[in-house]
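Colleague:
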Amino acid sequence: MTASSDQPTPMTFTAAPPLAGVITVPGDKSISHRALMLSALAVGESRIEGLLEGEDVLATAAAMRAMGAAIQRDDDGIWHVHGVGVGGLLQPPTALDMGNSGTSTRLLMGLIASHAITVTFTGDASLSKRPMARVTDPLSRMGASFAASPGERLPLTMRGLCPAIPLDYRLPVASAQVKSAILLAGLNAPGVTRIVEPIPTRDHSERMLKGFGAELDVEIESDGTRIITLRGEVELQPLSIMVPGDPSSAAFPMVAALLVPGSRVTITNVGLNATRAGLIELLRAMGGDILIENPREVGGEPVGDLIVSASSLKGIEPDSALAPSMIDEYPVAFIAAALAEGRSVFRGLEELRVKESDRIATMAEGLRAIGVAVEELEDGIVIEGSGGKPLTGGGPIATRLDHRIAMSFAIAGLISANGVTIDDMRPVATSFPGFTALLRALGAPA
Numbered sequence: 369m370t371a372s373s374d375q376p377t378p379m380t381f382t383a384a385p386p387l388a389g390v391i392t393v394p395g396d397k398s399i400s401h402r403a404l405m406l407s408a409l410a411v412g413e414s415r416i417e418g419l420l421e422g423e424d425v426l427a428t429a430a431a432m433r434a435m436g437a438a439i440q441r442d443d444d445g446i447w448h449v450h451g452v453g454v455g456g457l458l459q460p461p462t463a464l465d466m467g468n469s470g471t472s473t474r475l476l477m478g479l480i481a482s483h484a485i486t487v488t489f490t491g492d493a494s495l496s497k498r499p500m501a502r503v504t505d506p507l508s509r510m511g512a513s514f515a516a517s518p519g520e521r522l523p524l525t526m527r528g529l530c531p532a533i534p535l536d537y538r539l540p541v542a543s544a545q546v547k548s549a550i551l552l553a554g555l556n557a558p559g560v561t562r563i564v565e566p567i568p569t570r571d572h573s574e575r576m577l578k579g580f581g582a583e584l585d586v587e588i589e590s591d592g593t594r595i596i597t598l599r600g601e602v603e604l605q606p607l608s609i610m611v612p613g614d615p616s617s618a619a620f621p622m623v624a625a626l627l628v629p630g631s632r633v634t635i636t637n638v639g640l641n642a643t644r645a646g647l648i649e650l651l652r653a654m655g656g657d658i659l660i661e662n663p664r665e666v667g668g669e670p671v672g673d674l675i676v677s678a679s680s681l682k683g684i685e686p687d688s689a690l691a692p693s694m695i696d697e698y699p700v701a702f703i704a705a706a707l708a709e710g711r712s713v714f715r716g717l718e719e720l721r722v723k724e725s726d727r728i729a730t731m732a733e734g735l736r737a738i739g740v741a742v743e744e745l746e747d748g749i750v751i752e753g754s755g756g757k758p759l760t761g762g763g764p765i766a767t768r769l770d771h772r773i774a775m776s777f778a779i780a781g782l783i784s785a786n787g788v789t790i791d792d793m794r795p796v797a798t799s800f801p802g803f804t805a806l807l808r809a810l811g812a813p814a
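Here the sequence shown stands for residues 369 to 814, numbered as in this note's numbering.
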């Protein structure tokens, strides 16, 4: 169906034959954001290969251009970034439109906090509902000031401070975005910025900062607490960066291959950072046949190829400590649980309430609509699995402008009796522009 860019694009996904093939998924979104930002702060030209060219990352690129960085993509898909140096960001001429990207917004707030410029952030309806206080609070302690909409939401205007005040901060919630925002602010603050992280989160910022030449150390205490120290006012050196495939995007064909009988799919060059690999651990615990071949390191990040074969899954009650390593993958994990044998109980997922949508409520509503028995909890969800029996299907599923909700229910449609209709597939372009084409390549009637 054809629709204008400002009109919903519904789509129905129906039962698939066995899926087969070798595929790659788009570049890692978290790494892509950070690669652009740190390249823009380096002195000289950085080169980025495999950058995710979804709407969220393009919003980051546009913002860095607006603040002085020269960013170009060549015909081979290589991105070239000429940085302005730490402390060199310029006043943007207009407000920065972040679209749907919470990562762009929160990390850019960190960058701007230690520059003497004033910036207004705007976003779409979904982003404008997301609270920013978890970032604005610590950045205020570093000297930045904020004028936000009610509830510390967008539109929001901030004024940075240079020199900023280095911060000693204990993270009250497990959030890689908050951690990264503080580290980015600390780059242009004199002295040492110190972060205590009781629950480890994705460590792409730490890895990449070291690669660019920042003075950063990580100490791990006996209870697993990470203490991160960064010395500010450094000169970052340009890098050549290879972005691995995004494990959050790989999650969708991985779950599809496990659930569609007779399937066997290879997903190449997937990032296997331990702080992001929770879904693989969970699916294996459910009985999923997932092999890792050709493990290697690319640009400081572990990667490998996943071989995924159809499996009979069992219900699970995972430890909530797994949550930070798969927080974005829970929606599609709920689809796996819906096809498993027995009950699955997921708890400790309060963070899902403040994503692009309230992902607990939105998934519970959608699962009920396609015939799954669920109980919504304050911090999670209980799902009664079908034991491998195809889901009834139905819809249209209300995705609430959330890309991961849309893709999760698309996968559910591949194992349904009557198909699953998604109310709007447009949000998928934020992270996985080729999603439906990839499913077709595997043999799905998408």
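Cβ atoms here follow ideal geometry from the backbone N, Cα and C, with glycine treated the same way.
State whether the stretch 758 to 772 contacts the stretch 714 to 724, with contact taken as three or more CB pairs (one from each stretch) at a distance under 8 Å.
Modeller: Touching, yes, given that three or more Cβ pairs across the two stretches are closer than 8 Å.
Colleague: Taking 8 Å as the cut-off, decide whether the C-beta atoms of alanine 512 and alanine 481 are in contact.
Modeller: It is a contact, given that the beta carbons lie within the stated cut-off.
Colleague: Please return the same chain residues whose Cβ sits closer than 8 Å to the Cβ of alanine 809, not counting the five positions on each side in sequence.
Modeller: Excluding residues within five positions, the ones whose Cβ falls inside 8 Å are Gly389, Ile391.
Colleague: Taking 7 Å as the limit between beta carbons, can you name the residues of its chain near aspartate 796, skipping five residues before and five after?
Modeller: Note that residue 796 is valine in the sequence shown here, rather than aspartate. For valine 796, where only same-chain residues beyond five positions count, the Cβ hits under 7 Å are His771, Ala774, Met775, Phe803.
Colleague: From Val560, Asp791, Leu759, pick the residue whose C-alpha is nearest to that of aspartate 536; which is it?
Modeller: Per the Cα distances, Val560.
Colleague: By Cβ distance below 7 Å, which residues in the same chain neighbour serine 372 in space, the five residues on each side in sequence not counted?
Modeller: For serine 372, the predicted structure reports a pLDDT of 39, less than 50, and the residue's modelled location is therefore unreliable. The matter cannot be settled from this model.
Colleague: Only counting runs of 4 or more residues, tell me where the alpha helix (DSSP H) segments fall wholly within the stretch 508 to 589, in order along the chain.
Modeller: With a minimum length of 4 residues, the continuous alpha helix (DSSP H) runs that stay inside the stretch 508 to 589 are 544 to 554, 572 to 579.
Colleague: Starting from leucine 807, trace the alpha helix (DSSP H) both ways and give me its first and last residue.
Modeller: Looking at the DSSP string, the run of the alpha helix (DSSP H) that includes leucine 807 is 803 to 809.
Colleague: Between the alpha carbons of valine 700 and cysteine 530, how many angstroms are there, rounded?
Modeller: Spanning the two alpha carbons is a distance of roughly 43 Å.
Colleague: Nearest to phenylalanine 872 by alpha carbon, out of Val740, Thr789, Asp396?
Modeller: No statement about residue 872 is possible, as the shown extent of the chain runs from 369 to 814 and does not include it.
Colleague: In the DSSP assignment, the alpha helix (DSSP H) including serine 776 goes from what residue to what residue?
Modeller: It spans 771 to 781 - the alpha helix (DSSP H) in which serine 776 sits, taken as one unbroken run.
Colleague: For proline 813 and alanine 408, I'd like the C-alpha separation in whole angstroms.
Modeller: So the two alpha carbons sit approximately 42 Å from each other.
Colleague: Give every residue of the same chain whose Cβ lies closer than 6 Å to the Cβ of alanine 625, excluding the five residues on either side of it in the sequence, and list them in chain order.
Modeller: Cβ neighbours of alanine 625 beyond the five flanking positions: Leu387, Ser631, Val633, Val676.
Colleague: Can you give me the start and stop residues for the beta strand (DSSP E) that serine 677 sits inside?
Modeller: Per DSSP, serine 677 belongs to the beta strand (DSSP E) from 669 to 677.
Colleague: Determine which residues share a DSSP beta bridge with threonine 657 and list them.
Modeller: Sequence check: residue 657 is aspartate here, not threonine. Aspartate 657 is bridged to Ser677.
Colleague: May I have the straight-line CA-CA distance separating isoleucine 446 from glycine 811, to the nearest angstrom?
Modeller: Those two C-alpha atoms are separated by around 30 Å.
Colleague: Would you list, in sequence order, the uninterrupted alpha helix (DSSP H) runs of no fewer than 4 residues that lie entirely inside the stretch 594 to 645?
Modeller: 615 to 627, all fully within the stretch 594 to 645.
Colleague: Just tell me which of Thr473, Val546, Leu457 has its CA closest to the CA of serine 494.
Modeller: Serine 494 has its Cα closest to that of Thr473, out of Thr473, Val546, Leu457.
Colleague: Under three-state DSSP, which class holds glutamate 743?
Modeller: Strand.
Colleague: Pop quiz: alanine 645 and proline 615 are said to be a contact at Cβ under 8 Å. What is the actual Cβ separation, rounded to whole angstroms?
Modeller: About 7 Å; that satisfies the 8 Å criterion.
Colleague: Residues in the same chain with beta-carbon distance under 7 Å from alanine 732, minus the five sequence neighbours each way, listed in chain order, please.
Modeller: Contacts found: Val742, Glu744, Ile749.
Colleague: Among all the DSSP beta bridges, which residues are the ones paired with threonine 730?
Modeller: Answer is none; threonine 730 lacks a bridge partner.
Colleague: Looking at C-alpha atoms only, which residue of Pro534, Thr525, Glu574 is the closest neighbour of glutamine 545?
Modeller: Residue Glu574 is the option with its Cα nearest to glutamine 545.
Colleague: Any chance the stretch 750 to 760 sits against the stretch 491 to 509, with 3 or more Cβ pairs inside 8 Å?
Modeller: They do not touch, by the three-pair rule.
Colleague: Which residues mark the beginning and the end of the beta strand (DSSP E) in which phenylalanine 381 is found?
Modeller: Residues 379 to 381.
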